[in-house]
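Worksheet: the structure to be examined is printed underneath.
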Amino acid sequence: MVHALLFFSAGEAEEAENCGIHSVGQANMKIAQVSPLYESVPPKLYGGTERVVSYLTEELVAQGHDVTLFASGDSVTNARLVLSCPRALRLTERVVDPLAHHFVQLEQVFAQAESFDVVHFHNDYLHFSLSRRHKTAHVTTLHGRLDLPDLRSLYETFVEMPLVSISNAQRKPLSWLNWQGTIYHGLPTSLYAAREEPGRYLAFLGRICPEKRLDRAITIAKRAGMNLKVAAKVDAADRNYYMEVIKPLLKCASVEFIGEINEEGKQEFLGNAYALLLPIDWPEPFGLAMIEALSCGTPVIAYGHGSVPELIEDGVTGLIVHSIEEAVEAVGKIPRLNRRECRLQFEERYSATRMAQ
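Under our numbering, the residue at position 123 of the sequence shown is numbered 141, and the numbers go up by one with no gaps.
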């Protein structure tokens, strides 16, 4: 039995959302959280989706729900953990076919599906064919970009699947899907503490890949006459881009490459920063680094693509720009912004409690 949890058809979902209905529930639901297996929950180092799954899972447990987490065996949780593989796939050198492990996970989920009130998937569309043939209520939070041409025919085939977006901008390429609501990511309010005094360096946090535009961030910092600290990982797929384009730029004396940092390292890295640079060149579905910075009281300078205009209030929690020249000018405007207000907006809009509710 589903305890007061509403799922809507495509038309009903739009009407409900217009009425302010996003989710309805009560305590003591039996919930399955199905995480990707590329990182542990929470990740040991970099990892967006699995980190959000962790925050959501722990908050649901704290709110009194009976939660089962399907994740890698090195995950740490207060929920009941079902091990779908021994270790996070990205950290396991012998993994050649990660999909094999995810299909083992799906078998585990559907073997127990009838014991849950709802199954919450975070692994894209892998389960769609099985969910279509099973009666258990389910919902899928999509964490990635939806503007890829290959996706259209797939979602046309599974148009009835109930989905959650992580920003309104994420939906635009496939606005006709069965969207149940937009739920912004949230962090525990105790995770980071705000620092009211600005630091003396600009920060770049995330992946080194063409769409994140670290090259732009380096140019912006140099033209603004500020140091730039870079905390970022390099995936195997982006190794050539890093070696050919980015590594030569890191030789600049004003750029410090820290590498991949964990959750604990972000407090010092973001809290002591003057501002976070996010000069992206793609339709960012969310951008967890933005709310991590705001939780530390650090404003954001970002290009206005994807979710950025939804998450950042221009002139309040950051500055939205559209060129390197505007970004350099924005660096000089950062002292006008109130770091305490950045933290307050984080607490009001992006807490894990709000996300889970």
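The beta-carbon is built from N, C-alpha and C at its ideal position, and this holds for glycine as well.
Minimum C-alpha distance to residue i - residue among the options
| i | options | result |
| --- | --- | --- |
| G277 | E331, Y260 and E229 | Y260 |
| P327 | G91, L63, A187 and E359 | A187 |
| A311 | G324, L295, G322 and S325 | L295 |
| L329 | E343, S313, C270 and F176 | S313 |
| G322 | V334, I298, G315 and A307 | I298 |
| Y5 | W197, A242 and D233 | Only positions 19 to 375 of the chain appear in this structure, which leaves residue 5 out of reach. |
| G333 | G350, R213, S341 and Y73 | G350 |
| V263 | F287, M179 and L232 | L232 |
| V59 | L268, T86 and K48 | T86 |
| A129 | L306, A50 and A80 | A50 |
| T159 | C227, L181 and H120 | L181 |
| E76 | E359, A97, A89 and P54 | A97 |
| N141 | R354, Y56 and N245 | Y56 |
| E359 | G315, V136 and P167 | G315 |
| A212 | P317, V113, R112 and S147 | P317 |
| L17 | K190, T371 and E274 | The chain is shown only over 19 to 375; residue 17 falls outside these bounds and no answer can be derived. |
| E365 | C227, P206 and K269 | P206 |
| E7 | L164, R112, V71 and H145 | Lying outside 19 to 375, the shown extent of the chain, residue 7 is not represented and no answer is given. |
| S149 | M179, V114, V122 and S133 | M179 |
| T371 | E68, G65, V94 and G82 | G82 |
| T335 | K265, I319, I342 and L144 | I319 |
| I352 | A293, I338 and A249 | A293 |
| E282 | L209, A374, V71 and R367 | L209 |
| L144 | P216, S53 and T110 | S53 |
| F121 | L109, Y368 and F146 | F146 |
| L362 | E331, R112 and A239 | E331 |
DSSP state of residue i mapped onto helix, strand, coil
| i | result |
| --- | --- |
| A250 | strand |
| C311 | Sequence inspection shows Ala at residue 311; the Cys mentioned does not correspond to that position. DSSP places A311 in helix when its eight states are reduced to three. |
| L160 | coil |
| D332 | strand |
| L195 | coil |
| Y321 | strand |
| I338 | strand |
| A291 | coil |
| F176 | coil |
| N356 | coil |
| L296 | strand |
| H138 | strand |
| Q375 | coil |
| P116 | helix |
| L55 | coil |
| G277 | coil |
| L169 | helix |
| P327 | helix |
| H40 | With a pLDDT of 44 at H40, under the threshold of 50, the predicted position of this residue should be treated as unreliable, and no value is reported. |
| L63 | coil |
| K265 | helix |
Distance between beta carbons of residue j and residue i, contact taken as under 8 Å
| i | j | result |
| --- | --- | --- |
| H203 | I309 | 7 Å |
| K251 | L63 | 7 Å |
| A221 | A291 | 4 Å |
| F304 | S185 | 6 Å |
| V137 | T154 | 6 Å |
| E214 | R357 | 5 Å |
| L78 | A89 | Wrong, their Cβ atoms sit about 14 Å apart, outside the cutoff. |
| R105 | D84 | Actually they do not touch by this definition, with Cβ atoms about 26 Å apart. |
| L246 | I236 | 6 Å |
| K48 | S102 | The Cβ separation is near 19 Å, so there is no contact. |
First and last residue of the uninterrupted alpha helix (DSSP H) at residue i
| i | result |
| --- | --- |
| F134 | F134 -> no alpha helix (DSSP H), and no H or E assigned at all. |
| G350 | I342 to K351 |
| A271 | Premise fails: A271 is in no alpha helix (DSSP H) and is neither H nor E. |
| V52 | That residue, V52, is in no alpha helix (DSSP H); its beta strand (DSSP E) goes K48 to V52. |
| K240 | L232 to A242 |
| L78 | T67 to A80 |
Run of the beta strand (DSSP E) containing residue i, from where it starts to where it stops
| i | result |
| --- | --- |
| F304 | Element bounds for F304: n/a, residue is neither H nor E. |
| L181 | L181 to S183 |
| A224 | Note on residue identity: the sequence assigns Gly, not Ala, to residue 224. Note, G224: beta strand (DSSP E), Y219 to R225. |
| V100 | R98 to C103 |
Closer than 7 Å: residue i CB and nearest the ligand ADP heavy atom
| i | result |
| --- | --- |
| E132 | The ligand ADP is not part of this structure, which contains no ligands at all. |
According to DSSP, residues forming a beta bridge with residue i
| i | result |
| --- | --- |
| V85 | I49 |
| T200 | S183 |
| L205 | S369 |
| L145 | Correcting the residue type first, residue 145 is His in the shown sequence and not Leu. According to DSSP, H145 bridges with nothing at all. |
| S90 | C103 |
| F364 | According to DSSP, F364 bridges with nothing at all. |
| N245 | Y219 |
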